[in-house]
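Student: Residue numbers (the UniProt record's numbering), protein chains in the order written: chain F, 1 to 384; chain A, 1 to 384; chain Z, 1 to 246; chain R, 1 to 246.
Ideal Cβ positions, reconstructed from N, Cα and C, are used throughout, including at glycine.
Every value quoted in this text rests on a predicted model; they were computed, and no experiment measured them.
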Amino acid sequence: MTLMAEPAAGRFGDFGGRYVPESLVPACAELAGAFREAWADKTFRDELDHLLAVYAGRPTPLTPALRLGGELGIDLWLKREDLAHTGSHKINNVLGQALLARRLGRTRLIAETGAGQHGVATATAAALLGLSATIFMGSRDIERQRLNVFRMEMLGATVVPVTSGSRTLKDATNEAMRAWVADVPHSHFLLGSVGGPHPYPWMVREFQRVIGTEARSQVPSVPDVVVACVGGGSNAAGTFAGFVDTTARLIGVEAAGGAAMTAGAPGVVHGSRSMVLQDAEGQIAEASSIAAGLDYPGIGPEHAHLGALGRAEYRTVTDAEVVAAIHRLARAEGIICALESAHAVAWVLRAAGSADLPAGSRVLLTLSGRGDKDMVTLSEGADK
Amino acid sequence: MTLMAEPAAGRFGDFGGRYVPESLVPACAELAGAFREAWADKTFRDELDHLLAVYAGRPTPLTPALRLGGELGIDLWLKREDLAHTGSHKINNVLGQALLARRLGRTRLIAETGAGQHGVATATAAALLGLSATIFMGSRDIERQRLNVFRMEMLGATVVPVTSGSRTLKDATNEAMRAWVADVPHSHFLLGSVGGPHPYPWMVREFQRVIGTEARSQVPSVPDVVVACVGGGSNAAGTFAGFVDTTARLIGVEAAGGAAMTAGAPGVVHGSRSMVLQDAEGQIAEASSIAAGLDYPGIGPEHAHLGALGRAEYRTVTDAEVVAAIHRLARAEGIICALESAHAVAWVLRAAGSADLPAGSRVLLTLSGRGDKDMVTLSEGADK
Amino acid sequence: MIPYGGKALVPYVTGGITADWTSYVLAYEAAGADAIEIGLPFSDPMLDGVTIQQASDRALARGATVDGILADLSEIKVGVPLIAMTYANLVFRAGPAVFCRRLAGAGITGLIVPDLPVDEAAAVSAAAADAGVALILLAAPVTPDDRLAEIGARSRGFVYAVSLMGTTGERDTLDASASRLATRVKAVTDLPVLIGFGVSTPAQAATAAESADGVVVASALMRRVLDGATPDDVRTDVAALRAALG
Amino acid sequence: MIPYGGKALVPYVTGGITADWTSYVLAYEAAGADAIEIGLPFSDPMLDGVTIQQASDRALARGATVDGILADLSEIKVGVPLIAMTYANLVFRAGPAVFCRRLAGAGITGLIVPDLPVDEAAAVSAAAADAGVALILLAAPVTPDDRLAEIGARSRGFVYAVSLMGTTGERDTLDASASRLATRVKAVTDLPVLIGFGVSTPAQAATAAESADGVVVASALMRRVLDGATPDDVRTDVAALRAALG
Ligand SMILES: Cc1ncc(COP(=O)(O)O)c(C=O)c1O
Ligand SMILES: Cc1ncc(COP(=O)(O)O)c(C=O)c1O
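(1) Is residue 257 of chain A near ligand 2, in the sense that its beta carbon is under 6 Å from a heavy atom of that ligand?
(2) Who are the near neighbours of residue 3 of chain R in its chain, counting only those whose CB is closer than 7 Å to its CB and skipping five residues on each side?
(3) Below 8 Å on the Cβ atoms is my guess for residue 83 of chain F versus residue 33 of chain A; work out the distance and round it to an integer in Å.
(4) In the structure shown, what three-state DSSP assignment does residue 391 of chain F receive?
(5) With distances taken from CA atoms, which of A/374, A/304, A/166 and A/248 is nearest residue 234 of chain A?
(6) List, in chain order, every chain F residue whose beta-carbon is nearer than 7 Å to that of residue 261 of chain Z.
(7) What number of angstroms, rounded off, separates the C-alpha of residue 40 of chain R from the C-alpha of residue 108 of chain A?
(8) Quick one: is the Cβ of residue 369 of chain F within less than 6 Å of any heavy atom of ligand 1?
(9) Taking 7 Å as the limit between beta carbons, can you name the residues of its chain near residue 212 of chain R, skipping five residues before and five after?
(10) Quick one, are the C-beta atoms of residue 66 of chain Z and residue 88 of chain Z less than 7 Å apart?
(11) Where in the segment 68-154 of chain A do unbroken runs of the alpha helix (DSSP H), each at least 4 residues long, occur, reported from the N-terminal end onward?
(12) Going by C-alpha distance, which of F/210, F/125 and F/232 is nearest residue 273 of chain F?
(13) Between which residues of its own chain and residue 345 of chain F is the CB-CB distance below 6 Å, once the five residues before and five after are set aside?
(14) By the three-class DSSP mapping on this structure, what secondary structure does residue 194 of chain R have?
(15) State the Cα-Cα distance for the pair residue 371 of chain A and residue 134 of chain A, rounded to the nearest angstrom.
(16) Within the continuous alpha helix (DSSP H) that includes residue 323 of chain A, where are the two ends?
(17) Considering only C-alpha positions, which residue in the set A/78, A/127 and A/157 is nearest to residue 113 of chain A?
(18) Alpha carbon to alpha carbon, how far is residue 72 of chain R from residue 104 of chain R?
(19) Is residue 340 of chain F near ligand 1, with its Cβ less than 6 Å from a heavy atom?
(20) List, in order along the chain, the chain A residues whose C-beta lies closer than 9 Å to that of residue 42 of chain R?
(21) Between residue 232 of chain A and ligand 2, is the CB less than 6 Å from at least one heavy atom?
(22) So is the beta-carbon of residue 304 of chain A under 6 Å away from any non-hydrogen atom of ligand 2?
(23) Helix, strand or coil: which one does DSSP assign to residue 12 of chain F?
(24) Contact between the segment 119-139 of chain R and the segment 81-101 of chain R: three or more CB pairs below 8 Å?
(25) Just to check, is the beta-carbon of residue 117 of chain A closer than 6 Å to a non-hydrogen atom of ligand 2?
(26) Quick check: what's the CA-CA separation for residue 76 of chain R versus residue 25 of chain R?
(27) Is there contact between the segment 87-106 of chain A and the segment 182-193 of chain A, where contact requires at least three CB pairs shorter than 8 Å?
(28) Could you tell me if residue 130 of chain A is buried or exposed, where buried requires 16 or more neighbouring beta carbons within 10 angstroms of its beta carbon?
(29) Using only the heavy atoms of ligand 2, determine whether one of them is closer than 6 Å to the beta carbon of residue 174 of chain F.
(30) Do residue 159 of chain F and residue 171 of chain F have their beta-carbon atoms positioned less than 7 Å apart in this structure?
(31) Relative to chain F, which residues along the segment 315-341 of chain A have a C-beta separation below 8 Å, given in chain order?
(32) Identify whether residue 383 of chain A lies in helix, strand or coil by the three-state DSSP scheme.
(33) Residues of the segment 153-169 of chain A with a CB closer than 9 Å to any CB of chain F: list them in chain order, please.
(34) Tell me, please, whether the segment 352-363 of chain F touches the segment 135-148 of chain A by the rule of three or more beta-carbon pairs shorter than 8 Å.
(35) Between F/295, F/337 and F/343, which has its C-alpha nearest residue 168 of chain F's C-alpha?
(36) Using 8 Å for Cβ pairs, my map puts residue 156 of chain R next to residue 134 of chain R. What's the rounded Cβ distance?
Below is the structure:
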């Protein structure tokens, strides 16, 4: 199995598609064509690879977590997206899409953000390429990720607070799509994960594939288990892409309060059909997670497909496990990861030694981002 | 000219030495011997290089600053220490010294910190190697770099507020040395810059040499000017080490309120003779800079020597120039650097086009760290 | 569904927005509506501006459900066609066949799903046809000719011409793109073409009707309802639109 | 400088700590001090604990300067040797020769510089000798034998044996390292050996004097001064130390 080709009609099995207003269909089609072309164009790939190397700090290292692995009785390698410029894997996708936007003659980037990492990455790429950026962010997320709001503003982006619905990522995404409809000729909607209408799930996975490709060349042998946290699912998709054709088990870890795969049902939201947290009538549920970047009721359609096939498995961890995991990793390895990334760590901590992750397992874990943005949340938690 | 050998009697020309209490002399001598030996030991170098690569993210990229350089009429390359693990060049030195401390059988690291970057790096290395860490930090710096205090605590370090004197880096250094005297057998004093008694200025420069060595191999040609900010002077020393034997001009940029080279006089503080801000009688002056990491009245002795020889030049920039520079770089290149690093940028902004930095110059600038830690300071400034 | 010949007026109301929301339906009919659009509120109305978002939120907060809204409709007698407007997830969650049969059971004969473009519409289209419900497709100013032809061919009841690139919501002027689009759509289909999105005043309705077969008016009416207008109040508004359209 | 034979008592006072600080000098003499150590306060007293730090800060805050302190001393008549204690930067800033001559001019005959180890002492040592001032070197518990011999050979006046690994400051007990060090120093020099750092009580002074030729007492006295003790009060304290030493 590989995850290479453009999905036919934008479908991953039963999932995917392009459920958007007619006003956006031509833009989606244009984008799909442009990406298809650019991805086959050596000049474009070379320019992106160059930026990833000299600007974003790729390849990111693979760190053997000797102390934590030793305590858990497993071999544990960490793929260090926390060291990428702006502090998470989000930059990989953003640089790719921003180059594409420029190729399409767009002068403005529109993005949704939850934790603010995608917003910061988008604002960064906009500054680098001389584009303008408008970032939609739930007012609740603005409260808990203030640091990132300052960063976006310093980079020259306009941050628009979204006060509708749950005031988190879901609502920011609605608002970003509304802004896009109103400015299609000048704007590129720079979606931050593997959701949304075709070509986004495919395109973003391809831009994130670099994580898996690098990791595959860095691990001493094919791991038994490959694990990553899942919000929309882009860092997991990029990681899985490097291992889907191996014997490695693929594990995505969701927030217990945003577990689209575990607690959701098939549905259509934000442009594609996938697994969605919703009620019996189809109203979208509000997710709830300490990690703003996972506080989302949906998941990318390819994950729904991999889950349906049984090729990938999805697990959930609680906020309390996540907080414990972030501290444990910090003290054992000197790495303070993002709350999002700590979901993957938390599952490893829980599973190690059990039938789900037997002693002696070789585990590759993608640390999708760094934790600086979460210090306020964590220190407030500690005060309680 | 090279900066290779161990300075005889710990002297760089008229500067350097070992002005410490007799109680610390044997520990300094032991450390000098251990470093001399380790630095000649392939096993030690390999282990350090390995950690720098798989853990700290080295080599860091060299980014051509095309937009900013274009605006200024110069070729500008940024050496990206902001992408190193923990967010600054401090990790290079800390990993080296922590390995040395372990080799010496020490179980505890003691460090002073200003901006908190060195404290975070020290806490990180302690966690990684299973050592304990006590970090002294001025209470004024604790206020302005809260984020880093949280990070150190999460990493398991004890942060001790220092309320004497100016309550900044100078006073934290006094207190760290006092703590060291009281626990020599178990503690290694992990000094964060190229100051202090022999062997620190030499050893820390050697551990930071990796910046200059990498940059030298990354630049397309020898630059006309190599510029770095100077607090104690470690990122500058490490950078200069790669270019001191070339035709490049070497420029260190100090904070106007902490300009030991420009406004200081020879003096002895914290264990070595160097340039020091002081009054006519010899009382050490309190520095004052928006950048906690440069808010220090001294400078490493080798800089005093390079300055006396005329091989390196030292300039100052004001807080206002620094704030403008951080914003300009963010908007032009999508990089939010540390307030410390922005001093180097501010000088380039001011000098570009003048006789000091003519149009067409090729400039290598070390971005010593990232700005996340400074967002609160900057946003409060913006509110005013 | 839409009378051929004259200029059709299709006012909109969000189902369940007030306890007596069906009184607005009756008022619309009384004021001369040719058909009435009933919004089935969705939690994430991605194509709607602030007014319809607020209307949807208020209805959902009041506990509005599809079943409840349909039951309310069964209790009144309306002489003009009723058209449901909702988002794809509500349709798929129930299953297109079940969903469309439920609509038909409540006397609804049309369905508009703004996030279901023609390429994704096959299953719902078939289910709607089976249930005797017209799946009305939308065309946008940026829709290219070939797609427009396909939309014209696959739409049922009428074609909904989205007046501008943007969300629903009142506008000061009618975008010039509205009449251009209506003209293009009329060139590829014999179905009536109605202009919607941002038609806010009788004057705008009259302008729209110069190139189209009628208008859909939503946000302008819902803004009034949100501000406390009674069924009687909005009857006057709809009557003014009716008068402007002739 | 220090009387050979008996057990010497050298109490310390920070110059300029109060307006009448020289009264403490006179009180010490009256209580039987064999010599008196005068602290010339430095902004960054790296080897000092909290008490001497506070004393230094207070003196500096009062505007104390080396010149002012020396001028104050010129105004009193003291019959025992005076020893200056300060940090290297004050010595180098003035220049060792100028600095030492200034001390001598105020009647000071000894100098202790805690951050000037023997390896760095040559210039100051020569300048002090020229000015007739004894540069007193310090030995520490960790000092190896060969260094100890060098310190013994290069020190003048006496050798200051630092009782423990740590800063100045009161301690509950005298560290066992104190007597071990004093014994080791005495084996390599004929100079008197005084124990300092943490000698806080008459009993501790007596213990120290078993292996050494006397004691320096600083923090215990300065703590009292900081707490408001008058010259009369500290005279009693020094007298008690004197009595304990015999
Ligand atoms: C550090 C980090 N990890 C993970 C995520 C979740 O996104 P995805 O599942 O697309 O990787 C985010 C989103 O903000 C993030 O910031
Ligand atoms: C980012 C950064 N740059 C520079 C410095 C100054 O140190 P040095 O002059 O030793 O490089 C610091 C010190 O904290 C720092 O954090």
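Tutor: The answer reads as follows:
(1) no
(2) 34
(3) No, residue 83 of chain F and residue 33 of chain A are not in contact; Cβ-Cβ is about 34 Å, not under 8 Å.
(4) Any question about residue 391 of chain F goes unanswered here, given that chain F covers just 1 to 384.
(5) A/304
(6) Chain Z is shown from 1 up to 246; residue 261 of chain Z falls before or after that span and cannot be answered.
(7) 34 Å
(8) yes
(9) 161, 182, 193, 194 and 195
(10) no
(11) 90-103, 117-129, 139-144 and 146-154
(12) F/232
(13) 325 and 329
(14) strand
(15) 24 Å
(16) 319-333
(17) A/157
(18) 14 Å
(19) yes
(20) 282, 283 and 284
(21) yes
(22) no
(23) strand
(24) yes
(25) yes
(26) 9 Å
(27) yes
(28) exposed
(29) no
(30) no
(31) 326, 327, 330, 331, 332, 333, 334, 335 and 336
(32) For residue 383 of chain A, the predicted structure reports a pLDDT of 44, less than 50, and the residue's modelled location is therefore unreliable. A value from the coordinates is still provided. Looking at residue 383 of chain A - three-state DSSP - the assignment turns out to be helix.
(33) 153, 154, 155 and 156
(34) no
(35) F/295
(36) 4 Å
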